[in-house]
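The sequence shown: position 304 = 305 (the numbering used here), numbered continuously.
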Amino acid sequence: MDISLMRLKPVILLLMVVGLFALTIACGDAKEIIKEKIVEKVVEVEKIVPGPTQIVEKIVPGPTQIIEKIVPGPTQIIEKIVQVAPPEKEKRELVFAGLSWDSAMDQNGVARYIVEHGYGYPTSHIEGDTVPLFQGLREGSIDITMEIWLPNQNAAWEDAIAMGQVIGVGKSLEDNWQNSFLIPGYLADAHPGLVHVDDLKKDEYKSLFTAADSGGKAVLVGCLVGWACLGVQQGVTDDDGNVVGVGQIEAYGLSDHVFLQIPGSFGALNATIEGAYTKENAILHYYWGPTALAHKLDMRPLEQPAPASCPDEDPVHGCGWGPASILIAINPVVAVDAPELIPFLANWDWNAGNQLAAEGWRTDNKEALENAGASSEEIYSATGVWYLKNHEVWKEWIPAEVVAKVEAALAKED
2 MDISLMRLKP VILLLMVVGL FALTIACGDA KEIIKEKIVE KVVEVEKIVP
52 GPTQIVEKIV PGPTQIIEKI VPGPTQIIEK IVQVAPPEKE KRELVFAGLS
102 WDSAMDQNGV ARYIVEHGYG YPTSHIEGDT VPLFQGLREG SIDITMEIWL
152 PNQNAAWEDA IAMGQVIGVG KSLEDNWQNS FLIPGYLADA HPGLVHVDDL
202 KKDEYKSLFT AADSGGKAVL VGCLVGWACL GVQQGVTDDD GNVVGVGQIE
252 AYGLSDHVFL QIPGSFGALN ATIEGAYTKE NAILHYYWGP TALAHKLDMR
302 PLEQPAPASC PDEDPVHGCG WGPASILIAI NPVVAVDAPE LIPFLANWDW
352 NAGNQLAAEG WRTDNKEALE NAGASSEEIY SATGVWYLKN HEVWKEWIPA
402 EVVAKVEAAL AKED
């Protein structure tokens, strides 16, 4: 029995070795299987890929998988890389200066329609006069002013430019004329000796313009409160009370001969002037052109000292106005928030033909629009729509894609 066991011992050892070998192989296979199972379970692995926008897709169980890129490795990562433009920033409302005269509001009607429908910015306006609205432009409550009149606003403009509070971006109206001492043509023809402002010191001419409450002085129908031209007529002081300029009336020695009458509104100014001309009454008044009213009436200026006789040709020191330079201005924030508008405003060209056409249509249609319940703002907006539909020059101010958007909007207008 012992001899038999001794003979079987080598066989038993051999079987043990074989068993261990088989077990080793089996264990190795088990490890491989485990690895495969681990790979199957690893799904959510992401990889950062340079670019402004990254979209990473992962393996998701399902009947169909789209593989865009396979990255070699012990674990497969399937990813889809797509680059898209960053989202367009929200466009804020832009506020226009609602100046209290027709040419500025006609321009607003056209410009606001292009800005809204061509460039996608909502717009509004704040109504007011030159001085407060220019202060609003400096402080940022106003974004865009379509008419800055120089030299009327010289002092305030130069100060604002020096402080970086405003930017001039283009030309508004073509050079305009303005005059504080205009008389009707029929009156000039009847009194050929009335040719110079100094003649208003003579009783025979001064008496033509007196009124019951003027104290024997000639009434001058002047500019409105809030208009820079009023300062030119009656004088300007700075914030510290220092005299910037004495004004035309005092500089001409007319303080004892001329009574400055300040109209309550632009409409009142126009009505006073047109009423006098219609009745062929004597009137001494301020106005400017080219405008529809100046084009309609025969306004003749009295002679005044030449602009060159004043420091910086500023009439506040006692001389006549030279040709007015009229600018478009923005608050500097607009250059950051809406930079694409700057080339548009720089290309703007509102010449006399454009203005007279717009004024003519508005004058002819104003009563009907008012009777239909239209507000003043809506009337100027309607004027803008009419102008854009019936003129082509504006298309030269803006890119073709913006023109297309404006035209698409106009096609929907009644």
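The beta carbon of each residue, even a glycine, is placed where N, CA and C say it ideally should be. The structure displayed is predicted, hence computed values, not measured ones.
Three or more beta-carbon pairs separated by less than 8 Å link the stretch 356-374 to the stretch 283-303, which places the two stretches in contact. Within 10 angstroms of the beta-carbon of K218 lie 16 or more other beta-carbons, which makes it buried.
A Cβ-Cβ distance of about 6 Å is found for the pair V226 and I263, placing them in contact under the 8 Å criterion.
The count of Cβ pairs closer than 8 Å, one atom from the stretch 135-149 and one from the stretch 299-311, stays below three, leaving the stretches out of contact.
An exposed status is given to P333, since fewer than 16 other beta-carbon atoms sit within 10 Å of its beta-carbon. Rounded to whole angstroms, the separation of the alpha carbons of E175 and A212 is 37 Å. Close CB contacts of A347 within its chain, under the 7 Å cut and outside five residues either way in sequence, are with V170, G171 (chain order).
For a cut-off of 8 Å, the C-beta gap from V111 to G385 is around 4 Å, short enough to register as a contact. The beta-bridge partner set that DSSP reports for F260 consists of V220. Pairing N153 with V233 gives a Cβ-Cβ distance under 8 Å. The residue from P400, N352, I184, A277 with its alpha-carbon nearest to that of Q108 is N352.
In terms of Cβ geometry, P324 and W178 form a close pair [threshold 8 Å].
If you draw a straight line from the Cα of V167 to the Cα of Y206, it is about 45 Å long.
In chain order, L411 place their CB closer than 7 Å to the CB of K390, counting only its own chain and leaving out the 5 sequence neighbours on each side. The Cβ-Cβ distance between Y122 and L95 falls below 8 Å.
If you draw a straight line from the Cα of I399 to the Cα of S382, it comes to about 19 Å.
The Cβ atoms of I380 and K367 lie closer than 8 Å to each other. Between the C-alpha atoms of D240 and V198 there is a straight-line separation of about 31 Å. Taking a 10 Å sphere around the C-beta of P193, we find fewer than 16 other C-beta atoms and assign the residue as exposed. The three-state reading of DSSP puts G141 in coil, since its state is none of H, G, I, E or B. DSSP, reduced to helix, strand and coil, places T292 outside both helices and strands of the structure shown, so it counts as coil.
Distance from the CA of T273 to the CA of I127, rounded to the nearest whole angstrom, comes to 26 Å. When the alpha-carbon of F182 is set against those of T146, D214, S208, G223, the nearest one is in G223. By the neighbour-count definition (other C-beta atoms within 10 Å, threshold 16), G319 is a buried residue. Here M300 carries a strand assignment [DSSP, helix/strand/coil].
When secondary structure is reduced to three states using DSSP, E205 falls in the helix class. Here T131 carries a helix assignment [DSSP, helix/strand/coil]. R301 and D350 have their C-alpha atoms spaced approximately 28 Å apart. Boundaries of the beta strand (DSSP E) harbouring W178: 178-185, taken from the DSSP string. Listed in chain order, the non-local C-beta contacts of A252 below 6 Å within the same chain comprise G319, local neighbours out to five positions each way being set aside. It is roughly 26 Å from the alpha-carbon of G246 to the alpha-carbon of F210. Here T273 carries a helix assignment [DSSP, helix/strand/coil]. Apart from the 5 residues on each side of it in sequence, G119 sits with its Cβ closer than 7 Å to the Cβ of I399, V403, K406, V407 in its chain, given in chain order.
If only complete runs of 4 or more residues are kept, the stretch 85-124 shows the alpha helix (DSSP H) at 103-120, in order along the chain.
Taken through DSSP and simplified to helix, strand or coil, V245 comes out as strand.
In the three-state reduction of the DSSP assignment, G319 falls in the coil class.
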